Amino acid sequence: MDKNYMKLEFLSKSANESFARVVVAAFASQLDPTLEELSDIKTAVSEAVTNAIIHGYEYGEGVIIIEAFIVDNLINITIRDSGKGIKNIEEAMEPFYTSKPDLERSGMGFTVMETFMDSLVVESSEGKGTVVRMTKEIKNLSDEER
Amino acid sequence: MDKNYMKLEFLSKSANESFARVVVAAFASQLDPTLEELSDIKTAVSEAVTNAIIHGYEYGEGVIIIEAFIVDNLINITIRDSGKGIKNIEEAMEPFYTSKPDLERSGMGFTVMETFMDSLVVESSEGKGTVVRMTKEIKNLSDEER
Amino acid sequence: MFLEMEELENNLIVKLKGELDHHSSEDIRKKIDAYFSTSSTSNIVMDLNELTFMDSSGVGLIMGRYRSAQEKNGYLIIACDKERIVRILDMSGLLKIIKLYPNLDTAIRNI
Amino acid sequence: MFLEMEELENNLIVKLKGELDHHSSEDIRKKIDAYFSTSSTSNIVMDLNELTFMDSSGVGLIMGRYRSAQEKNGYLIIACDKERIVRILDMSGLLKIIKLYPNLDTAIRNI
Ligand SMILES: Nc1ncnc2c1ncn2[C@@H]1O[C@H](COP(=O)(O)OP(=O)(O)O)[C@@H](O)[C@H]1O
Ligand SMILES: Nc1ncnc2c1ncn2[C@@H]1O[C@H](COP(=O)(O)OP(=O)(O)O)[C@@H](O)[C@H]1O
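Protein chains in written order, with the numbering used here: chain A, 1 to 146; chain B, 1001 to 1146; chain C, 2001 to 2111; chain D, 3001 to 3111.
Structure, rendered in structure tokens:
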């Protein structure tokens, strides 16, 4: 795969969490990733989309936008909401930090994204929304290495 | 499923034909369709996306946009390109009509869409592009009826 | 998309597996044509029973190979009992000119 | 997402199957809580071996049920040997306070 691009918009409904995972996984599968790499991507996307629904839109109506670019064997994924935004990004990204412990959030979302992807950048502005950018290189293992 | 919406944009590459099918099928599966209904939708989407790639953009670069709405148990799918458009829509929709017999097209694309979906509307303007609108009601059969 | 080809007397047996759409049919067409054009066989038997998806691009692929066989004074027959695929073949008028058998064994016995 | 619950002596055995995310965990939580709050059992055994997906929402679900068990002076243990899920549990510090066994049989024998 030389280059490819897709953009997906959908409503901030929790039923769309699994939909978002399937879409990004189907797109990423053009790079012939291992099952492990595909699960890494699905997990990271799930975290970011869930955050947009719970924290960004606080269960209200909103649109979530996922963009994914493929260049050679790198996949670049951006997940964007126009929700309430994050005041202190550094604090938000700390393991175990959550602003919604009452909703049984673990505060591990960003940590999971960081662990499973190669890079993670979060941009946010209060009242405007949040953008999560992640990249992952797909190793393209030969069949024996899998 | 009360109401849901998604919009997908992607490049007019033939490798994205199967990607588009997976995305629409994953979205439609929220209505709990039978395998048969899901295949109907996948086939119709495949025809419209293939047409955008071959006829709309004539294998050149372009963006294809799919929108899907769910309202109760109806799914409404729109596939749009900004390609060369269709001069005579009536003729184009006739079974066996193809402008590209040399490419081994059968001229059956629109007929397949009409057969597998409940409704099909095609809008097009030369030099601007084509919009294909299709709907299908998902019967929500009980387990015994499947 | 997988493709298996095998010669049996005067017949080229072509087994298709997976999803046959416009994208995959381009590659399949080239492979069949490359094989068939240099093979001494003149008939083609297409086994579609392991396809999990086919749209009208499949019809174009089959029509094209039907013509290649005709050019060698041979013919093409299809092995398929998947309802959905048979429906598309029927809709396209292919079954008026091409013989259909439910499976490869029956197709071969009736060549 | 499927859920199976069964009482075994003082333990509520909870088997989760499918994809455990924020969406499915809401439903699962309600069902476990409704059962456990009226049950005479005080421990929870969570079998995660048939999960095909879990993200950090699963961690929240498990932490919450761990607390419910504590409130009944019981405890929660996990049966799981899926590497990816164990990794998320470990990352979240859950394995410092919750015992993990590779499968349900071993978990039950060691309650
Ligand atoms: N899209 C978002 N919009 C607003 N706030 C967010 C968003 N994503 C994350 N946050 C903030 O960052 C915190 C940490 O996020 P995360 O690590 O995913 O943990 P959790 O979702 O379990 O709270 C959240 O509790 C929330 O305050
Ligand atoms: N998106 C499109 N843009 C431009 N022309 C189109 C488009 N879709 C269909 N057409 C025209 O309509 C004709 C019939 O389409 P179809 O029934 O799908 O058959 P086929 O794709 O096999 O040609 C095409 O040959 C083409 O001329």
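Heads up, the beta-carbon is just placed ideally off N, CA and C, and yes, glycines get one too.
Only a predicted model underlies this, so the values are computations on that prediction, with no experimental measurement involved.
Nearest to residue i (by Cα), restricted to the options the options
i         : options                                       : result
A:Ser112  : A:Asn73, A:Met6 and A:Val45                   : Residue identity check: residue 112 of chain A is Val in the sequence provided, not Ser. When only C-alpha atoms are compared, the closest one is A:Val45.
A:Asn16   : B:Ile1066, B:Lys1003, B:Thr1050 and B:Ile1064 : B:Lys1003
A:Glu137  : A:Ile75, A:Val131, A:Ile66 and A:Glu67        : A:Ile75
B:Glu1153 : B:Lys1084, B:Asp1081, B:Phe1110 and B:Ser1082 : The first residue shown for chain B is 1001 and the last is 1146, placing residue 1153 of chain B beyond what the model contains.
C:Thr2106 : C:Ser2092, C:Ser2068 and C:Cys2080            : C:Cys2080
A:Ile66   : A:Lys87, A:Ile77, A:Met93 and A:Asp40         : A:Ile77
B:Leu1011 : B:Gly1060, B:Thr1098 and B:Asp1118            : B:Gly1060
D:Gly3093 : A:Tyr57, A:Gly107 and A:Arg80                 : A:Gly107
D:Leu3012 : D:Arg3084, D:Asn3073, D:Lys3096 and D:Ser3039 : D:Ser3039
C:Ser2042 : C:Phe2002, C:Lys2099, C:Asn2073 and C:Asp2027 : C:Asn2073
B:Lys1007 : B:Ser1099, B:Glu1047 and B:Ile1079            : B:Ile1079
D:Asn3027 : D:Arg3109, D:Leu3100, D:Ile3111 and D:Phe3002 : The amino acid at residue 3027 of chain D is misidentified as Asn; the sequence shows Asp. Comparing Cα positions, the closest option is D:Phe3002.
B:Asp1081 : B:Thr1135, B:His1055 and B:Phe1116            : B:His1055
B:Phe1116 : B:Leu1141, B:Leu1035, B:Gln1030 and B:Thr1098 : B:Leu1035
A:Gly200  : A:Val49, A:Asp102 and A:Thr98                 : Outside the shown range of chain A (1 to 146) lies residue 200 of chain A, about which nothing can therefore be said.
C:Glu1989 : B:Pro1033, B:Lys1139, B:Asp1040 and B:Ser1014 : Absent from the structure is residue 1989 of chain C, since the part of chain C shown begins at 2001 and ends at 2111.
A:Glu47   : A:Ser18, A:Gly62 and A:Glu37                  : A:Ser18
C:Tyr2075 : C:His2023, C:Asn2010 and C:Ser2024            : C:Asn2010
A:Lys13   : A:Gly62, A:Ile70 and A:Ile89                  : A:Gly62
A:Arg133  : A:Val122, A:Lys139 and A:Asn140               : A:Val122
D:Glu3071 : D:Ser3037, D:Ser3025 and D:Val3014            : D:Ser3037
A:Ser119  : A:Thr135, A:Asn51, A:Glu104 and A:Glu37       : A:Thr135
A:Phe27   : A:Ile64, A:Asn73, A:Glu58 and A:Ala52         : A:Asn73
A:Ile89   : A:Ser29, A:Ile70, A:Glu104 and A:Ser124       : A:Ser124
B:Val1071 : B:Glu1114, B:Gln1030 and B:Leu1141            : B:Gln1030
B:Lys1139 : B:Asn1051, B:Asp1032 and B:Glu1114            : B:Asp1032
D:Lys3015 : D:Glu3004, D:Ser3025 and D:Lys3099            : D:Glu3004
Residue i - containing alpha helix (DSSP H), residue span
i         : result
B:Ala1026 : Asn1016 to Ala1028
B:Arg1080 : Not the alpha helix (DSSP H): B:Arg1080 falls in the beta strand (DSSP E), residues Leu1074 to Asp1081.
A:Leu35   : Leu35 to Asn51
A:Ile89   : Ile89 to Met93
A:Phe96   : It is not in any alpha helix (DSSP H) - A:Phe96 carries neither H nor E in the DSSP assignment.
Sheet register partners of residue i (DSSP bridge)
i         : result
D:Ala3053 : First, the amino acid is wrong: residue 3053 of chain D is Phe here, not Ala. Answer by DSSP bridge pairing, in chain order: D:Glu3019.
B:Ser1124 : B:Thr1130
D:Asn3011 : D:Leu3008 and D:Asn3043
B:Arg1008 : Note on residue identity: the sequence assigns Leu, not Arg, to residue 1008 of chain B. DSSP lists A:Leu8 and B:Ile1066 as partners of B:Leu1008.
B:Ser1119 : B:Thr1135
C:Phe2002 : C:Lys2017
D:Tyr3101 : D:Ala3079
D:Lys3030 : D:Lys3030 pairs with nothing; no bridge assigned.
B:Lys949  : Nothing about residue 949 of chain B can be reported from this structure: the residues present for chain B run from 1001 to 1146 only.
Delimiting residues of the beta strand (DSSP E) encompassing residue i
i         : result
B:Thr1130 : Gly1129 to Glu1137
A:Ile70   : Val63 to Val71
Should the region 2054-2065 of chain C be regarded as contacting the region 2086-2101 of chain C, the criterion being three or more beta carbon pairs within less than 8 Å? yes
Runs of 4 residues minimum, wholly inside the region 3037-3099 of chain D: which ones carry the alpha helix (DSSP H) assignment? 3056-3071 and 3083-3091
Is the region 3048-3055 of chain D touching the region 3003-3020 of chain D in the sense that three or more CB pairs, one from each, lie closer than 8 Å? yes
Taking three-plus beta-carbon pairs below 8 Å as touching, is the region 2036-2047 of chain C in contact with the region 1123-1131 of chain B? no
Using 8 Å as the cut-off, can you tell me whether the region 3067-3079 of chain D makes contact with the region 3093-3109 of chain D, which would need three or more C-beta pairs spanning the two stretches below that distance? yes
Below 8 Å, can you find three or more Cβ-Cβ pairs linking the region 1021-1030 of chain B to the region 23-34 of chain A? yes
Should the region 2060-2074 of chain C be regarded as contacting the region 2030-2042 of chain C, the criterion being three or more beta carbon pairs within less than 8 Å? yes
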